[in-house]
Structure formats: structure tokens, C-alpha cells
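J.:
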Amino acid sequence: MREPIRKILITGGAGFIGSEFVRVIARAKPEAISLVIIDNLTYAGDLGRLKEVFSKYKFYKADISNQKQIEAIFKSQLPDIVVHFAAETHVDRSIVSAGPFIESNVKGTQVLLDAAKKYGIVKFFHISTDEVYGDIKKGKFTENSSLSPNSPYAASKAAADLLVKAYIRTYNFPAIIIRACNNYGPWQYPEKLIPLTILNIMREKKTPVYAKGENVREWMHVSDTAAAILKIMQRGRIGQVYNIGTGNEHKNIEVVKRIIRILGKSENLIEYVKDRPGHDFRYALDTKKMKKDIGWQPKINFLQGLERTVNWYITNLSWTQKHFAKKLSVKF
Ligand SMILES: NC(=O)c1ccc[n+]([C@@H]2O[C@H](COP(=O)([O-])OP(=O)(O)OC[C@H]3O[C@@H](n4cnc5c(N)ncnc54)[C@H](O)[C@@H]3O)[C@@H](O)[C@H]2O)c1
């Protein structure tokens, strides 16, 4: 084992959660630790998210499913730790076309696992989602619940989780799987419910809500997610799965109406649209293991976090307009 840790490689570091993680770790890290980011800058990736820590990482524009590129980076950088965020992440897009999800989320994970295995990394943190468990009417999913994904996105993430588990078992591979609930916060690409709603309502445009908006999601501010991952990096046990969530469950319609109230606009802007095919009704994570083994609790109250997020989008409207104005609608 190579100690002490000198190099952390982060995939998907130009994305929403990955960039928050990079900002946090870049601010806090000692000089001796260096950061390497791999991201192929898909429509969802943007190095603008990292401008405040611009000089603190080495960047590779590379596709994680490209074995040659990835092996070459591992060979030259020899990272000690990998934190793997890179993925295609939008459920609606996966329903229209599953191919990129299999390439990036399944094959990409396999390529990374093989490179990490070949070059002897110390720990591999695989960032996954509550969606791998499928939906649940009552109660909560524990880390031991079976995987029963319903969308192509969730299936691709579950396949990646199973690959990681298989590498742990077969090769004694030093990995930890982290399953997070729905994230929100600054810099989220505005195809996802919260930023899409904020942007539509701000501009007094109709905003879509699937069916009657009764579907329930568990919400966590992205800074709580980054803090949880850091804690797991320090205290997590190899081979384990950790759920990270908040218990902040809200129906989609409640979230949309709350944003409308924060912005002082009319509920007439809500447009109820045909439901998403296969739409999961409710996700909910049991996080006792995180509290007991890791000593982590989320800090940000949902309503305060939501207000802060709305304010961030008001202040940073130019970011969303410049990069993303035309690419938001997905038709089934
Ligand atoms: N956003 C959420 O609510 C949420 C919840 C639970 C888990 N997750 C997981 O967290 C991770 C990050 O999610 P996010 O919301 O930040 O996603 P995102 O879509 O904002 O960012 C994904 C990043 O990965 C990069 N990427 C995609 N395919 C790639 C490839 N083949 N090679 C290299 N880079 C590639 C993109 O350019 C982008 O920068 C994902 O693995 C996702 O499944 C997200």
C-alpha cells in the first residue's frame, strides 16, 4: 500500500457534484496532496464551475470508456485514490437513448476499475444513487436492500455498482460504494427539476410537472453530499456500501410551489404534463449506518438550502444562459 496519500483522481470533476467536491477539497487540502480531474466535458460538464480553484488541479479531457486514454493517464499520474463521479445522469435522456448511459456508466466504470487495479490504487470511491434500489411506497432502503432499478439510467448505475462489488469480491479490490439521494444546489445543469423550475419561473415561463406532481424525492444539498464523501474517505471501511441522505422528503409539486413562493410568482405557471414512462414513485434512504459508523449528519435545512439555491441562480443567470439555453427539452 502506498502511504501517505499524495494524489487524488476525480472523474466527472467538471459536473455538478464532482465540481463541488473538487472546490471543497481544493480549498482544504494540504500542499502535498495533488488533484487530477478526468472529464470529457459532455453537455453537462463545464470547467467554469471550477474557476475559483483554477490553479489547484491538473485536468485531462478524456472519456472514461476509452481504455487507452484512461490507462495512459493512470500510468503517468499514478493516483492513490479515485473518486468516481463521471456519468450520464439525466433519467429523461436515458429513456430517449440508453446507449450513452451504458458506455459511460457501465463500460466507463469497468475501464476505470481495470486501470485502478492495474496501477494499484489505495482506495476507489464509487459514487452511486438511491435510484439503484427502485422505488418504495413505505419505509426506507438500507444498504442491504436488493437492487431493482427502473429507468435505463438507474439500471446503468446498478450495473456499475454490481461491477464494483464483483471487483471487491474477486480481486480484493479496495472500493467503497456511496449511494446518494437527489442533490440540489448551485451549478446544477438546468434540466433537473429544481434548477429547471427556478429558471422557468424566474422568466415567467410555464414549468412542466409530471402527472400530478405526487412523486416523492429525498433532497440533499450538494455541499452536504461533498462533506459526506469526505467523511467516508476518512472513516469508511473498504468493501462497504454507504447510503447518504437527509430524510427531507417532498412531493415534486411541493418543491415547485415552494420555488414559486420564493420567487413571488403565480402557480398558474405550472403545466401538468404526461408522466415520465416508468416513473419511480418514491425514494427513501435509511442512513443509520452513516450516522453510526461514520458520524455524519447533513447540516443544511431543505427550505433554507432551496432559498439559497434560488438566490444563486438569480445572481448567476448569465452562467445558465451562456452555456445551456437551448438544450433543455427532452421529448419521449
Ligand atoms: N445529481 C444527483 O441528484 C445525484 C444523486 C445521486 C447520485 N448521483 C451520481 O453522482 C455523480 C455525479 O452526478 P452529477 O449530478 O454531478 O452529474 P452531472 O451530469 O452534473 O456531471 C457528470 C459529469 O461527468 C462527465 N462525464 C459524463 N460522461 C463521461 C465520460 N464518458 N467520460 C468522462 N467524463 C464524463 C460530464 O462531462 C460531467 O462533467 C453521478 O455518478 C450520478 O449518478 C447524482
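Using the working numbering, you'd call the opening residue of the sequence shown number 9 and step up by one each time.
We put the CB at the ideal spot given by N, CA and C, even for glycine.
#1: At the level of alpha carbons, what is the spacing between Glu151 and Gln329?
#2: Counting pairs of Cβ atoms below 8 Å between the region 52-71 and the region 202-219, do you hit three or more?
#3: So, is Ile252 buried or exposed, given that buried needs 16 or more other C-beta atoms within 10 angstroms?
#4: Would you kindly check if the distance between the Cβ of Val224 and the Cβ of Arg290 is under 8 Å?
#5: Got a sec, what are the start and stop residues for the beta strand (DSSP E) Ser218 sits in?
#6: Three-state secondary structure (DSSP) at Asn260?
#7: Does the beta-carbon distance from Tyr192 to Ile202 come in below 8 Å?
#8: Rounded to whole angstroms, what is the Cα-Cα separation between Ala174 and Gly128?
#9: I need the straight-line Cα distance from Ile308 to His258, nearest angstrom please.
#10: Can you tell me whether Pro57 is helix, strand or coil according to DSSP?
#11: For the region 141-157 and the region 279-294, state whether three or more C-beta atom pairs, one from each stretch, are separated by less than 8 Å.
#12: Considering only the alpha carbon of each residue, which of Arg284, Lys282, Val264, Pro108 lies closest to Asn276?
#13: Please name the residue, chosen from Tyr161, Lys15, Ala123, Gly21, that lies closest to Phe109 on a Cα-to-Cα basis.
#14: For a test of the three-state rule: what should DSSP assign to Asn74, helix, strand or coil?
#15: Under DSSP, the beta strand (DSSP E) around Ile18 begins and ends at which residues?
#16: State yes or no: is the C-beta of His92 within less than 8 Å of the C-beta of Thr19?
#17: Does DSSP put Lys83 in a helix, a strand or coil?
#18: In or out: Met9 buried (at least 16 other Cβ within 10 Å) or exposed?
#19: Using the Cα positions of Lys15 and Ala94, report the straight-line distance between them to the nearest angstrom.
#20: Tyr280 by DSSP, collapsed to three states: which one?
#21: Can the beta-carbon of Val140 be found less than 8 Å from the beta-carbon of Arg187?
#22: Within its chain, find whatever has a CB closer than 7 Å to the CB of Ala70; leave out the 5 residues flanking it on each side and keep chain order.
#23: Is any heavy atom in ligand 1 found nearer than 7 Å to the beta carbon of Lys259?
#24: Measuring only the C-alpha atoms, how far is Leu271 from Pro182?
#25: Given the structure, does Gly56 come close to ligand 1, in the sense that its CB is under 7 Å from one of the ligand's heavy atoms?
#26: Could you tell me which residues DSSP pairs with Leu43 in its beta bridges?
#27: Just the C-alpha distance for Ala168 and Ser136, rounded to the nearest angstrom, thanks.
#28: Hey, out of Asp122, Ile25, Asp283, Phe132, whose CA is closest to Asp88's CA?
#29: Helix or strand or just coil, what does DSSP make of Glu275?
#30: Just the C-alpha distance for Pro285 and Ser156, rounded to the nearest angstrom, thanks.
#31: Out of curiosity, what's the CA-to-CA distance linking Ser84 and Asn74?
#32: Within the region 104-159, note down every full alpha helix (DSSP H) run reaching 4 residues or more, in order along the chain.
#33: Using a threshold of 8 Å, state whether the C-beta atoms of Glu222 and Cys189 are closer than that.
#34: May I have the straight-line CA-CA distance separating Tyr321 from Asn180, to the nearest angstrom?
T.: Working from what's here:
#1: 39 Å
#2: no
#3: buried
#4: yes
#5: The displayed chain sequence assigns Tyr, not Ser, to residue 218. Its beta strand (DSSP E) spans residues 215-218.
#6: helix
#7: yes
#8: 17 Å
#9: Their Cα atoms are separated by approximately 15 Å.
#10: Residue identity differs from the one stated: residue 57 is Arg in this sequence, not Pro. Assignment of Arg57 by DSSP, reduced to helix, strand and coil, places it in the helix class.
#11: yes
#12: Val264
#13: Tyr161
#14: Residue state, collapsed to three classes: coil.
#15: 15-19
#16: yes
#17: In the structure shown, Lys83 falls within a helical segment according to DSSP collapsed to helix, strand and coil.
#18: Note that Met9 scores a pLDDT of 46, beneath 50, so its modelled location is shaky and nothing firm can be said.
#19: 18 Å
#20: strand
#21: Between Val140 and Arg187, the C-beta gap is smaller than 8 Å, which places the two residues in contact.
#22: Ile46, Asn48, Gln77, Ile78, Ile81
#23: no
#24: 46 Å
#25: no
#26: Ile16
#27: 8 Å
#28: Phe132
#29: helix
#30: 16 Å
#31: In a straight line, the C-alpha of Ser84 is about 16 Å away from that of Asn74.
#32: 116-126
#33: Contact: no.
#34: 44 Å
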